[in-house]
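Residue numbers (the working numbering): 1419 to 1536.
This is the structure:
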């Protein structure tokens, strides 16, 4: 088992909270988007804390870094999907920018944490 306790990682907690924000936001999406953007956003948001947790269980920091990269990739996927949601008027520009701002903070923190792993 890895040396990191994922429950103690701020990036894991913040990304879990972000996941809840995404679920709440997508409740207002049109029903015909249930299998489109709603599903995409929810799956990608769940992927961030899940990859952090899974990576923390790996034997080496090199493996952990790979899972942190997956988490960051999911974050960028969400950023694009939020912009598309805004383009389609499913969310306001203000909500989009607010969520992207939080997401960018999570990306920054995850990248910084990743750089501390030898």
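C-beta: ideal position from N, C-alpha, C; glycine also.
What would DSSP say about residue i, mapped onto helix, strand or coil?
{"i": "residue 1521", "result": "helix"}
{"i": "residue 1530", "result": "helix"}
{"i": "residue 1483", "result": "helix"}
{"i": "residue 1467", "result": "helix"}
{"i": "residue 1509", "result": "coil"}
{"i": "residue 1498", "result": "helix"}
{"i": "residue 1439", "result": "helix"}
{"i": "residue 1419", "result": "Residue placement at residue 1419 cannot be trusted, given a pLDDT of 43 that sits under 50; the coordinates are not used to answer."}
{"i": "residue 1491", "result": "helix"}
{"i": "residue 1478", "result": "coil"}
Let's test the definition: count the other Cβ atoms within 10 Å of the Cβ of residue i and tell me whether it reaches 16, buried, or not, exposed.
{"i": "residue 1506", "result": "exposed"}
{"i": "residue 1453", "result": "exposed"}
{"i": "residue 1467", "result": "buried"}
{"i": "residue 1528", "result": "buried"}
{"i": "residue 1444", "result": "buried"}
{"i": "residue 1533", "result": "exposed"}
Leaving out the 5 sequence neighbours to the left and right, which residues in its chain are closer than 6 angstroms to residue i when beta-carbon positions are compared?
{"i": "residue 1432", "result": "1524"}
{"i": "residue 1504", "result": "1511, 1514"}
Spatial neighbours of residue i within its chain, please: C-beta separation below 7 angstroms, excluding the five flanking residues on both sides.
{"i": "residue 1463", "result": "1436, 1437, 1440, 1496"}
{"i": "residue 1518", "result": "1497, 1500"}
{"i": "residue 1419", "result": "Here the model assigns residue 1419 a pLDDT of 43, short of 50, so the residue's position is not dependable and the matter cannot be decided."}
{"i": "residue 1428", "result": "1527"}
Taking 9 angstroms as the CB-CB limit, is residue i close to chain D?
{"i": "residue 1484", "result": "As a matter of chain content, chain D is missing from the structure shown, which is built from one protein chain."}
Quick one: residues in its chain with C-beta nearer than 8 angstroms to the C-beta of residue i, no 5 flanking neighbours on either side, listed in chain order?
{"i": "residue 1472", "result": "1485"}
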